[in-house]
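Add 485 to a position in the sequence shown, counting from 1, and you land on the number used in the numbering used here.
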Amino acid sequence: MALPMPPSALRRPQLVDAASAAWATDVSVCIPVGPGEGAWRALLDDLGPFGNAGGKAILCGPGDSPSGLAEWAEWIPADRPNRASQMNAVARTADGAMLWFLHADSRLDAGAIRSAVERGQRLGRAVGYLKLDFAADGPPLTRLNGWAANLRSRMLGMPFGDQGFFLSRELWEELGGFDEAAPYGEGHLFAWKARRAGAFLIELPATVTTSARKYQRRGWIRTTATHVWLTARQAAPQWWAWMRGR
Numbered sequence: 486m487a488l489p490m491p492p493s494a495l496r497r498p499q500l501v502d503a504a505s506a507a508w509a510t511d512v513s514v515c516i517p518v519g520p521g522e523g524a525w526r527a528l529l530d531d532l533g534p535f536g537n538a539g540g541k542a543i544l545c546g547p548g549d550s551p552s553g554l555a556e557w558a559e560w561i562p563a564d565r566p567n568r569a570s571q572m573n574a575v576a577r578t579a580d581g582a583m584l585w586f587l588h589a590d591s592r593l594d595a596g597a598i599r600s601a602v603e604r605g606q607r608l609g610r611a612v613g614y615l616k617l618d619f620a621a622d623g624p625p626l627t628r629l630n631g632w633a634a635n636l637r638s639r640m641l642g643m644p645f646g647d648q649g650f651f652l653s654r655e656l657w658e659e660l661g662g663f664d665e666a667a668p669y670g671e672g673h674l675f676a677w678k679a680r681r682a683g684a685f686l687i688e689l690p691a692t693v694t695t696s697a698r699k700y701q702r703r704g705w706i707r708t709t710a711t712h713v714w715l716t717a718r719q720a721a722p723q724w725w726a727w728m729r730g731r
């Protein structure tokens, strides 16, 4: 007499949803790389699930393409060591309908990447940004800087470029890209440009961790005070222009 088949043998095989497996299709990550910067390799390791899900990363930095790039990553040479011009160059090269701008020293876990991408693709006419945290390569007080950056973004509508701007190519083109003449704060200025154009700034359900090494190298008090002063100096005329245009 034949033995009864176990319940597991009677189950139908699980089918993988193709749309779910390709959750990053049509998204291009844009990464500017400064001279001597090597942190982008760790970022590409983090982005492995993104690349496997149909996404593409394009890096712009000095020199020829380095060895060891993943199949879903591309390198284009930088005309000049200017972060805004590098990001604009990458955006013009990218073929994705959605653009995600990440600094080379950004770190993300797999869950954060997928959450950001899936929510980011539903933004519409808005600029998405991530919550910010600092790595342990700087003073412990940088935790306060991360807390203040997130509060500033939510309450004042002033996210910075290290928070990973996510937006459609259409909106990037409408806004004219990043200001290549700005001596600093190109991401901050881009957020103001979006606000003046009536685009929303939306926090995505994910956190990006960035390096705190400059606080270690220059000192926490000095670096924090400098950033506060430069931000206020840059924001004042932007706020006034935004108020006049309302």
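C-beta atoms are modelled at their ideal positions from N, C-alpha and C, and glycine is treated no differently.
Taking only runs that begin and end inside the stretch 654-701, name each unbroken alpha helix (DSSP H) of 4 or more residues, in chain order. 654-660 and 671-681
Do Y614 and F663 have their CB atoms nearer than 7 Å? Contact: no.
So, using beta-carbon positions, are V514 and L593 closer together than 7 Å? no
From P722, V518, A524 and A611, pick the residue whose C-alpha is nearest to that of L584; which is it? A611
For L528, which residues from the same chain have a beta carbon less than 6 Å from its beta carbon, with the 5 sequence-adjacent residues on both sides left out? Exclusion of the five residues before and after L528 leaves S591 as the residues of its chain whose Cβ lies within less than 6 Å of its Cβ.
Would L660 and A667 be called neighbours here (beta carbons separated by less than 7 Å)? Judged by beta-carbon spacing, A667 lies beyond the 7 Å limit of L660, meaning their Cβ atoms are not closer than that value.
Residue range of the beta strand (DSSP E) that G548 falls in? It is not in any beta strand (DSSP E) - G548 carries neither H nor E in the DSSP assignment.
Run through the stretch 612-662 for me and flag every whole beta strand (DSSP E) of 3 or more residues, listed as ranges in chain order. 651-653
Alpha carbon to alpha carbon, how far is L500 from G536? Because L500 sits at a pLDDT of 43, beneath the cut-off of 50, its placement in the model cannot be relied upon, and the point is left open.
Please name the residue in R698, L544, R729 and T708 whose C-alpha comes closest to that of R526. L544
Beta-carbon within less than 6 Å of K678's beta-carbon, same chain only, minus the 5 sequence neighbours each way: which residues are those? The residues are L660.
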